[in-house]
Every structure is written in structure tokens, then in C-alpha cells.
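These notes are about the structure you will find just below.
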Amino acid sequence: MTSPPEPAREQESNAVARRAGLVAFGILVSRFLGAVRDVVIAATFAVGLTDSFFMAFTIPNALRVLFGEGAASGAFVPVLIEAREKEGPERAATVFGGLVRVMVPVLSLVTLLGVVFAGPVVLAYASGFDTERFDLTVQMTRWVFPYIFVMGVAALVTAALHSRKSFTAPALSPALLNVALVVACLAMVPVLVHFDLPTWYALATGVMVGGVLQVLAQWPALRRLGFALTARGSHRDPYVRKAMHLLLPLLLSLGVYQLNVIFARQFASHLGRGPVSWLWYAQRLVEIPQGMFALAIASAALPSLSEIVSRGDRQEALALFRATLRMTLFVAIPSTVALAVLALPIVAVLFGRGEFSASDVQETAYGLVFQAAGIWAVASVRTVVPMFHAHNDTRTQVVASLMNLIVFAGVSWLLMDSMRHAGLTLAISLAALAQLGVLLALLRRRTGRLGLGRVVGVSVRMGLAAAVMGGLLYALTASRPWLTDALAPTQLGLLLTAVVGGGLAYLGVAHALGVEEAATFANGLARRLRRTRR
Numbered sequence: 001m002t003s004p005p006e007p008a009r010e011q012e013s014n015a016v017a018r019r020a021g022l023v024a025f026g027i028l029v030s031r032f033l034g035a036v037r038d039v040v041i042a043a044t045f046a047v048g049l050t051d052s053f054f055m056a057f058t059i060p061n062a063l064r065v066l067f068g069e070g071a072a073s074g075a076f077v078p079v080l081i082e083a084r085e086k087e088g089p090e091r092a093a094t095v096f097g098g099l100v101r102v103m104v105p106v107l108s109l110v111t112l113l114g115v116v117f118a119g120p121v122v123l124a125y126a127s128g129f130d131t132e133r134f135d136l137t138v139q140m141t142r143w144v145f146p147y148i149f150v151m152g153v154a155a156l157v158t159a160a161l162h163s164r165k166s167f168t169a170p171a172l173s174p175a176l177l178n179v180a181l182v183v184a185c186l187a188m189v190p191v192l193v194h195f196d197l198p199t200w201y202a203l204a205t206g207v208m209v210g211g212v213l214q215v216l217a218q219w220p221a222l223r224r225l226g227f228a229l230t231a232r233g234s235h236r237d238p239y240v241r242k243a244m245h246l247l248l249p250l251l252l253s254l255g256v257y258q259l260n261v262i263f264a265r266q267f268a269s270h271l272g273r274g275p276v277s278w279l280w281y282a283q284r285l286v287e288i289p290q291g292m293f294a295l296a297i298a299s300a301a302l303p304s305l306s307e308i309v310s311r312g313d314r315q316e317a318l319a320l321f322r323a324t325l326r327m328t329l330f331v332a333i334p335s336t337v338a339l340a341v342l343a344l345p346i347v348a349v350l351f352g353r354g355e356f357s358a359s360d361v362q363e364t365a366y367g368l369v370f371q372a373a374g375i376w377a378v379a380s381v382r383t384v385v386p387m388f389h390a391h392n393d394t395r396t397q398v399v400a401s402l403m404n405l406i407v408f409a410g411v412s413w414l415l416m417d418s419m420r421h422a423g424l425t426l427a428i429s430l431a432a433l434a435q436l437g438v439l440l441a442l443l444r445r446r447t448g449r450l451g452l453g454r455v456v457g458v459s460v461r462m463g464l465a466a467a468v469m470g471g472l473l474y475a476l477t478a479s480r481p482w483l484t485d486a487l488a489p490t491q492l493g494l495l496l497t498a499v500v501g502g503g504l505a506y507l508g509v510a511h512a513l514g515v516e517e518a519a520t521f522a523n524g525l526a527r528r529l530r531r532t533r534r
């Protein structure tokens, strides 16, 4: 098949960029509200209680990622697109109904088992907790486990919407979980204290209400596109069976990654009070650039990649892959540098109040530096994986994920005694790098030459621009008393100035070095500003 001309490729890349921008905006809103949520939680609850809550939320959140990212991104979207392309939108709606009929009983069973066997589940990943924290974690787990069912349904809805390139509702709906948690903490905690009830009921209530709101927020878009949770369908449908065959190895692959999270918290549970919470807050900060850009670009690119691969055009698919990888690295590389350099100021400004002590700030920042080092690798992994999904290949990812797990477990075991929780965050970064290497090698074996020479060259220039930015950020912030005066207006102003100034410095140097993405970003920003003024 003849590849489309360059303008057509550029048009498709621009379409992916626009959709990625929309998803990134939704994730930005969610991450901002997530930061507000974490600030409220850190100021309201001591790290002993938050250790238990974050542990209790580990398994439900891990399964949310399995069913959410696994089902929506990897298995269901390509199959729904294939059904629509070959047999029309009504056929796709029927396939969606079949997927609902399969997934709802599975989600119900998983939820029931989690509630009944919460004790053994918690023992598997929090054996280092003392009796008081262990019992509290078990109680919390039973309360939040039904979140899995709700988020599984939300994943089905998201898959249907993404298959029709509808990204607005799925992008914005996750913010509702953070809104629900903030409102629950602020409104319920004083009432619970007044009636001498456990204050963590507010956290559990916020999780469940937020999950339900995420489903309801996507419902109108689902109906408008002709899908319905009550649509007719059968588990015997060939497309449904194909989706399940794709899903199983993908769940195994993503499950291996989630085992890293579980192992990290299991290791952290043996390090005393605090490390579980420090890891949680560091992970939340790292997920801002990872989610805003890497996940946004990957989600936006998958439908286009699936359509191109279904037409059999390997060269066009590789061209789009290279473009999305460059987009990802353009943001991920400076994010890596900025978050590592600004770890202490950011943690101090966001969390340094209330029950969160100066020691908590230092320890969280210590772990954050080493986890930030792997942002670019994790982001690249999330960009490479959709190439396999577009080819209906979910098995290859299992091999790369196993490499990730092996490296993580080995490095964690070697470094945990000397570096404590920071050894775990460094292990996460090194494991992601190993996984990226395996994925690229396997992708090259599948598709032939990847043509990444120019991507590597431009990445070096991005790295040079990021180094200049990092030097500027360090010069502006290194000598300030962040542990004792982080909330002073001058300190807040300085941090904001450093972030904006560093970003502009990166753009300027990258543009001077010939990085095309810098000009594209600047032109897009200028167009938006002109529209705003009108």
C-alpha cells in the first residue's frame, strides 16, 4: 500500500496533538485538584493514618489501572474501532453491550472477594505494619474496595468514547474524584470529630462518591454516540472474544507493573511510620507530567494508530509513532530536570503545613528526586506501548513488564537499607529504563527499522535546553529557607517565577537549537492567546 503524502501525515500528527492537548487539559485540571486533595489530606491527617489509607487504596487503585488503562486503552478501543470500520456503528454498539455483559459479573466477583478477604489481601502488601495500623488498613480496604466496580464500569464507558475519538468527558471526569475527596474532608471531618467517629470515614466516602460521579459525567456523551450500558450483546460475540483474548495478557502485563507499586509499599511498610505516605506524595507529583502529557499523547494517538494499522500502512504508523515520541520527550525531558531540581521547594509549598512536618517534607523530596529521574523513561514506555496495542499485540508487553519487575525487585533489595525509601523510587526509575529498552528492541523486531536516529538527535538538544533551565532553577531557589518559610508570599512568588522563567528559558534555548516542537508549541500558545483576547 502506498503511504500517504507528508501533508496527510502532518495533518494526522496535528490531529493527535489537538486531541492530546484536550486530554492534557483534562488531566491538568484533575492533577491540580489532586494536588489540592493531597494538600488537604496532608494537613488534616497525620502520616500514621494516611499510611493506612494509602495502603488501603493500593489494591483498588491498582485494579482501577488494570481495568481502566488495560481495558480502555489496550483491548477494547482497537476492537470497537475494528467493529465500526468493518460493520458500522450499530455493530460497535452491540459489541459494547457484550463487553458490559462480560465485565459486570467479573467486576462484581472481584469486589466481593476483596471485601470478604480484605485481611489476607492487606497482609500480602503491608506485613510490616504494627497491629493498630494493620487493623485500620483492613477496615479501610473493606470500605473502598467497591470503588473497583465503579471504575471498571467507567473504563468501559471511556473505551467506547475513545473509540469514537471523543475525549472531553473522559479527560475531565477523573477530576470529580478529587473534588469529592476534598469536599468530603472539609465537610465531614468536623462533623465526625463532633460525634466522636473515625475521621477516615470522610476519605472512604469521598472515594465512593467520586467514582460514581465519574461514571455519571460520561453518561450523556455515551448516549449521544449511540452506546448504552443496557445494549444487547453476547459474550459469544467474536469481537467480544477477541477483546477478552487481548485483555488477558494485557492485564498480566499491567499487573506486573502494579506489583512494583505493591512491592514498593510492602518494602516501605518495614521502614517505620511515614515512608508509605512519602512515597505516595512523591508518586502524585511525578504523575502530573506523566499523566498530563505522556498518557494524554498515548491515549490520543491510539485510535489513529489503530486505524492506520488496520489499513496496513506500516510506514505511516511508524511516522506517527516517531512524531508522538518526540512530542512526549519534548515535555518529559524538562519535566525530569525541573521536578528533580525543585523537589524540596515544591513539596514544602504544597504539603509543608498542619500535620506534615519539616522532616516529612525533606523525606518526600528526597524520594521525589530519584523518582523524577525516570519521568522521561516512563513517559516513553507509555508512548511505545500503543504501537503494540494498535497491532492487537498485548502479549509482547508482558515480557517487557517482567523485565521491569525483575530490575525493580533487585535494585530495591540492594538499595533499601542504604537509601531507605529513596532506594525504592530509584528502583522504579531504573526499571522503567530497562522496560523501555526491551520494548524498543521487540518493536524493531516486529516492524523493522524504527528510524529513531533523528529522535535521538533532537532528544540530545532537548536535554541541553533542559540543562540550561535546570541551572537557572537551581540558581533561583537553592539558597532559600524552604523548610522554615515556604508559605511566605515571597517564597510562593519566587517558586512561580522560577517555574515560568524556567519554562520560557527551555523554550527559548530549544528553539535556538532547532527543536521543531518548541516553535510548534510557541505558535499554538500564541494562537490561543489571540483567541482569548478576541
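In the numbering used here, the protein residues as written are 1 to 534.
Every residue gets a Cβ at the ideal spot worked out from N, C-alpha and C, and that includes glycine.
Note that the structure is a prediction, hence the values are computed from the model and not measured.
Checklist entry - For residue 195, which three-state DSSP category applies? => result Three-state DSSP puts residue 195 in coil, outside helix and strand.
Checklist entry - Can residue 332 and residue 401 be called in contact, C-beta distance under 9 Å? => result Between residue 332 and residue 401, the gap from beta carbon to beta carbon reaches 9 Å or more.
Checklist entry - Grouping DSSP H, G and I as helix and E and B as strand, with all else coil, what is residue 165? => result Coil.
Item to check | Validate contact between the region 32-48 and the region 172-183 using beta carbons, cut 8 Å, 3 pairs | outcome: Counting Cβ pairs under 8 Å, three or more are found: they touch.
Checklist entry - Can you list, in chain order, the stretches of the beta strand (DSSP E) that have 3 or more residues and sit fully within the region 93-155? => result Complete beta strand (DSSP E) runs here, min 3: none at all.
Checklist entry - Who are the Cβ neighbours of residue 390 in its own chain at under 8 Å, not counting the five residues just before and after it? => result Excluding residues within five positions, the ones whose Cβ falls inside 8 Å are 78, 302, 305, 306, 308, 309 and 317.
Item to check | residue 277 in three-state terms, based on DSSP | outcome: Residue state for residue 277 is assigned as helix, using DSSP reduced to three classes.
Checklist entry - Buried or exposed: which applies to residue 112, given that a residue is buried once 16 or more other Cβ atoms fall within 10 Å of its Cβ? => result By the 16-neighbour rule on beta-carbons within 10 angstroms, residue 112 is exposed.
Checklist entry - Roughly how many whole angstroms lie between the Cα atoms of residue 87 and residue 158? => result Taking the straight line joining both Cα atoms gives about 21 Å.
Checklist entry - Are the region 133-144 and the region 40-55 touching by the rule of at least three beta carbon pairs closer than 8 Å? => result Touching, per the Cβ criterion.
Item to check | Inter-residue CB distance, residue 376 and residue 329 (contact presumed, cutoff 8 Å) | outcome: Rounded to whole angstroms, the Cβ separation of residue 376 and residue 329 is 6 Å, and the two are in contact under 8 Å.
Item to check | Same chain only: Cβ atoms within 8 Å of residue 371, ignoring 5 sequence neighbours per side | outcome: Scanning its chain for C-beta atoms nearer than 8 Å, with the 5 sequence neighbours on each side dropped, one finds around residue 371 the residues 282, 283, 286, 425, 426, 428 and 429, in chain order.
Item to check | Alpha carbon of residue 236 to alpha carbon of residue 422, nearest angstrom | outcome: Those two C-alpha atoms are separated by around 48 Å.
Next on the checklist: Let's test the definition: count the other Cβ atoms within 10 Å of the Cβ of residue 264 and tell me whether it reaches 16, buried, or not, exposed.
Outcome noted: Under this definition residue 264 is a buried residue.
Checklist entry - Taking the alpha carbon of residue 248 as the point to measure from, which residue in 365, 74, 140 and 190 has its own alpha carbon closest? => result Looking from the CA of residue 248, the closest CA among 365, 74, 140 and 190 belongs to 74.
Next on the checklist: Beta-carbon within less than 7 Å of residue 447's beta-carbon, same chain only, minus the 5 sequence neighbours each way: which residues are those?
Outcome noted: Exclusion of the five residues before and after residue 447 leaves 314 and 318 as the residues of its chain whose Cβ lies within less than 7 Å of its Cβ.
Item to check | Alpha-carbon to alpha-carbon, residue 290 and residue 67 | outcome: Near 19 Å, if we compare the C-alpha coordinates of residue 290 and residue 67.
Checklist entry - Which ranges would you report for the alpha helix (DSSP H) in the region 303-378 if only whole runs of at least 4 residues count? => result Counting only runs of at least 4 residues, the region 303-378 fully encloses the following alpha helix (DSSP H) elements, listed from N- to C-terminal order: 314-341, 343-351 and 358-372.
Checklist entry - From residue 121 to residue 114, what does the alpha carbon distance come to, in whole angstroms? => result Pairing residue 121 with residue 114, the inter-Cα distance amounts to about 7 Å.
Checklist entry - Just checking, does the region 196-206 make contact with the region 125-134 on the three C-beta pairs under 8 Å criterion? => result Because the criterion of three Cβ pairs below 8 Å is not met, the region 196-206 and the region 125-134 do not touch.
Item to check | Enclosing alpha helix (DSSP H) for residue 470 [first to last residue] | outcome: Residues 453-477.
Item to check | Validate contact between the region 357-366 and the region 410-417 using beta carbons, cut 8 Å, 3 pairs | outcome: Contact between the region 357-366 and the region 410-417 is absent, because fewer than three Cβ pairs lie under 8 Å.
Checklist entry - Taking C-alpha atoms, which residue in 502, 397 and 416 lies nearest to residue 341? => result Closest by alpha carbon: 502.
Checklist entry - With a CB to CB cut of under 8 Å and the five nearest residues on each side skipped, what residues in its chain are close to residue 463? => result The residues are 333.
Checklist entry - Can you name, in chain order, every residue of its own chain whose Cβ lies under 6 Å from the Cβ of residue 568, other than the five neighbours on each side? => result The requested residue 568 is not part of the displayed model; the chain covers only 1 to 534.
Checklist entry - So what's residue 3 in DSSP terms, helix, strand or just coil? => result Summary for residue 3: the model assigns pLDDT 48, below 50, so the residue's position carries little reliability; its value from the coordinates is reported in the next sentence. Collapsing the DSSP output to three states places residue 3 in coil.
Next on the checklist: Measuring CB atoms only, is the region 206-220 touching the region 142-151, in the sense that at least three cross pairs come out at less than 8 Å?
Outcome noted: Between the region 206-220 and the region 142-151, the count of Cβ pairs shorter than 8 Å is three or higher; the stretches touch.
Item to check | Close beta carbons around residue 258, own chain, < 7 Å, minus the five adjacent residues each side | outcome: The beta carbon of residue 258 lies closer than 7 Å to those of 62, 65 and 66 in the same chain, with the five residues before and after it left out.
Checklist entry - Taking just the CA atoms, how far does residue 76 sit from residue 523? => result Approximately 35 Å between the Cα atoms of the pair.
Item to check | Delimiting residues of the alpha helix (DSSP H) encompassing residue 392 | outcome: Looking at the DSSP string, residue 392 is not in any alpha helix (DSSP H), and its letter there is neither H nor E.
Checklist entry - How is residue 284 classed by DSSP in three states: helix, strand or coil? => result Of the three classes helix, strand and coil, the one that applies to residue 284 here is helix, per DSSP.
Next on the checklist: Quick check on residue 484: buried or exposed, where buried means 16 or more other Cβ atoms within 10 Å of its Cβ?
Outcome noted: Looking at its Cβ environment, which holds fewer than 16 other Cβ atoms inside 10 Å, residue 484 is exposed.
Next on the checklist: Restricting to Cα atoms, I'd like to know which of 508, 393 and 171 is closest to residue 27.
Outcome noted: Taking the Cα of residue 27 as reference, the smallest distance to any Cα among 508, 393 and 171 is reached at 171.
Next on the checklist: Tell me the residue span of the alpha helix (DSSP H) that contains residue 400.
Outcome noted: Start and end: 396-419.
Checklist entry - Is the CB-CB distance between residue 93 and residue 206 below 9 Å? => result At least 9 Å separates the beta-carbon of residue 93 from that of residue 206.
Checklist entry - So, residue 470 versus residue 337, is the Cβ gap smaller than 9 Å? => result Going by C-beta atoms, residue 470 is nearer than 9 Å to residue 337.
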